[in-house]
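Heads up, the thing below is written out as structure tokens.
In my numbering, the protein residues as written are 30 to 451.
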């Protein structure tokens with residue numbers, strides 16, 4: 030094993046390269062602790078991302094909360110790569126470790142499956158050693174295979190935050206991996222918990238995601254002209270960029286001239302073809318004058334301030350729909366596909382609009398509805414802002430997660446008492 034420090038004044042930032050089959054011996058997962066902050070001396074936080082998309086920002090929220098709940102504890106975070114998330118974490122944690130991890134991403138696994146399998150035992154052993162050194166372990170998302178496998182061993186307090194809504198085959202695989210785990214499960218929506226039905230017998234809790242409060246953004250002017258539509262998200266097969274273009278392309282020419290559309294995001298490494306196809310479709314449909322494609326922006330406040338409406342046209346169910354609550358925080362009306370966790374966010378025709386999932390005609394009708402009624406845009410934006418303040422603030426999220434992490438009790442959307450076995 031080779032290791033080296035790579036930065037951080039006053040902080041330890043380490044990077045490891047693990048050769049297949051190499052790694053330290055097995056250990057128990059953590060030491061048994063109670064919810065007493067004084068008994069939690071060290072915390073391990075593990076995450077599969079390194080950018081500042083939704084799951085990355087949710088991970089940051091959780092780390093900030095852990096730091097507040099356990100001010101005397103030493104916090105270590107582990108990421109798979111350097112990226113925008115690194116700088117934010119360095120200000121929060123005592124040690125930041127960046128090393129290759131066993132991340133289950135289909136696009137990346139296809140080209141390196143033999144090497145992934147060969148290196149897995151060593152990475153699992155290293156994950157077990159990491160866990161054995163900490164009193165509290167927080168694993169964000171279910172795709173971090175080495176740490177999910179490490180959580181099978183008896184031990185202390187560990188939590189896995191489930192934020193994915195994969196298809197039935199992947200969901201079955203993840204459920205089989207989660208079933209032997211001694212960790213408590215946290216789901217980000219009732220929908221996510223429901224689709225992971227194979228592990229419904231396990232102790233678990235539902236805590237909805239939260240978003241930053243964009244209180245300084247001015248409300249939408251009910252008397253304005255046209256409609257500015259924003260779509261935030263990665264360019265991939267499920268975020269619905271293609272569906273939005275199909276909906277807009279079918280509108281009358283006069284309607285199209287009243288629209289301005291921004292698609293903001295980037296494709297994940299190895300999936301750049303999705304972004305290329307969208308750019309080609311914009312040209313083919315003659316939408317170059319109204320559609321603007323922008324790179325991912327880590328600070329979306331200016332984008333929400335520009336927008337009148339935020340669209341979430343996901344072609345497959347989202348586990349929650351963080352973009353929707355961010356838009357509501359900014360007082361922006363949301364149009365979303367009627368499936369997944371977003372149904373726990375939007376009340377149709379009150380604080381947003383829903384359209385039939387994967388139906389470009391229905392999406393077109395909802396856009397047209399708002400284009401012809403600016404008063405509705407403004408009114409639903411205000412109602413959405415009110416719902417955000419009552420249910421989806423960072424304070425709401427932190428109160429529920431803090432109760433779970435410190436006591437094992439979760440008075441939240443759908444809960445059971447989390448019992449961690451020794």
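Just so it is clear, CB atoms sit at the ideal spot from N, CA and C, and this is done for glycine as well.
All values reported here derive from a predicted model rather than from experimental measurement.
Beta carbon of residue i nearer than 8 Å to that of residue j
i, j, result
"residue 352", "residue 206", "no"
"residue 204", "residue 235", "no"
"residue 295", "residue 314", "no"
"residue 71", "residue 164", "yes"
"residue 380", "residue 413", "yes"
"residue 215", "residue 190", "yes"
"residue 317", "residue 194", "no"
"residue 402", "residue 384", "no"
"residue 418", "residue 360", "no"
"residue 192", "residue 343", "no"
"residue 287", "residue 255", "yes"
"residue 310", "residue 265", "no"
"residue 84", "residue 170", "yes"
"residue 142", "residue 131", "no"
Reduced DSSP category for residue i - H, G, I as helix; E, B as strand; rest coil
i, result
"residue 325", "coil"
"residue 196", "coil"
"residue 523", "Any question about residue 523 goes unanswered here, given that the chain covers just 30 to 451."
"residue 432", "helix"
"residue 105", "strand"
"residue 173", "strand"
"residue 49", "Low local confidence applies: a pLDDT of 33 at residue 49 is under 50, so the model's placement there is unreliable, and no value is given."
"residue 83", "helix"
"residue 222", "helix"
"residue 285", "helix"
"residue 179", "helix"
"residue 253", "coil"
"residue 186", "strand"
"residue 216", "strand"
"residue 244", "coil"
"residue 204", "helix"
"residue 308", "helix"
"residue 89", "helix"
"residue 437", "coil"
"residue 303", "helix"
"residue 229", "coil"
"residue 277", "helix"
"residue 261", "strand"
"residue 73", "strand"
"residue 97", "helix"
Cβ separation of residue i and residue j, assumed to be a contact under 8 Å, to the nearest whole Å
i, j, result
"residue 210", "residue 373", "About 25 Å separates the two Cβ atoms, so there is no contact after all."
"residue 179", "residue 355", "Residue 179 to residue 355, Cβ: 33 Å. No contact."
"residue 258", "residue 290", "5 Å"
"residue 225", "residue 369", "With a Cβ gap of about 13 Å, residue 225 and residue 369 do not count as contacting."
"residue 133", "residue 81", "Residue 133 to residue 81, Cβ: 21 Å. No contact."
"residue 285", "residue 319", "6 Å"
"residue 338", "residue 406", "6 Å"
"residue 393", "residue 280", "6 Å"
"residue 263", "residue 297", "6 Å"
"residue 73", "residue 197", "So it is not a contact: roughly 31 Å between Cβ atoms."
"residue 94", "residue 104", "Wrong, their Cβ atoms sit about 11 Å apart, outside the cutoff."
Close beta carbons around residue i, own chain, < 8 Å, minus the five adjacent residues each side
i, result
"residue 118", "89, 92, 106, 108 and 125"
"residue 421", "237, 238, 239, 240, 354, 357, 358 and 374"
"residue 326", "293 and 332"
Residues near residue i by beta carbon distance below 6 Å, same chain, minus five either side
i, result
"residue 79", "108, 110, 112 and 114"
"residue 527", "Since the first residue shown for the chain is 30 and the last is 451, residue 527 is missing from the structure and cannot be characterised."
"residue 334", "246"
"residue 17", "An answer regarding residue 17 cannot be provided, because it is not within the stretch 30 to 451 covered by the chain."
"residue 75", "107, 168, 173 and 176"
"residue 382", "364 and 395"
"residue 391", "384 and 385"
"residue 278", "314"
"residue 156", "175, 176 and 179"
"residue 377", "383"
"residue 336", "257, 259 and 361"
Heavy atom of the ligand SAM within 7 Å of residue i beta-carbon
i, result
"residue 208", "The ligand SAM is absent from the structure shown, which contains no ligands of any kind."
Contacts around residue i, its chain only, beta-carbon distance under 7 Å, and the 5 residues preceding and following it disregarded
i, result
"residue 350", "341, 365, 369, 370, 371 and 374"
"residue 222", "216, 233, 235 and 443"
"residue 102", "69, 70, 71 and 72"
"residue 330", "243 and 246"
Contact with chain E by residue i, beta-carbon distance below 8 Å
i, result
"residue 266", "Checking the listed chains, one finds no chain E in this structure; it contains a single protein chain."
Of all the beta strand (DSSP E) runs that stay within the bounds of the segment 319-373, which reach a length of 3 or more residues? If only complete runs of 3 or more residues are kept, the segment 319-373 shows the beta strand (DSSP E) at 320-323, 338-341 and 362-366, in order along the chain.
Counting only runs of 3+ residues fully inside the segment 382-430, write out the beta strand (DSSP E) ranges in chain order. As far as the segment 382-430 is concerned, its whole beta strand (DSSP E) runs of at least 3 residues are 382-384.
Please list the segments of the beta strand (DSSP E) lying wholly inside the segment 107-170, counting only runs of 3 or more residues, in order along the chain. List check, beta strand (DSSP E) in window: 124-128 and 165-169.
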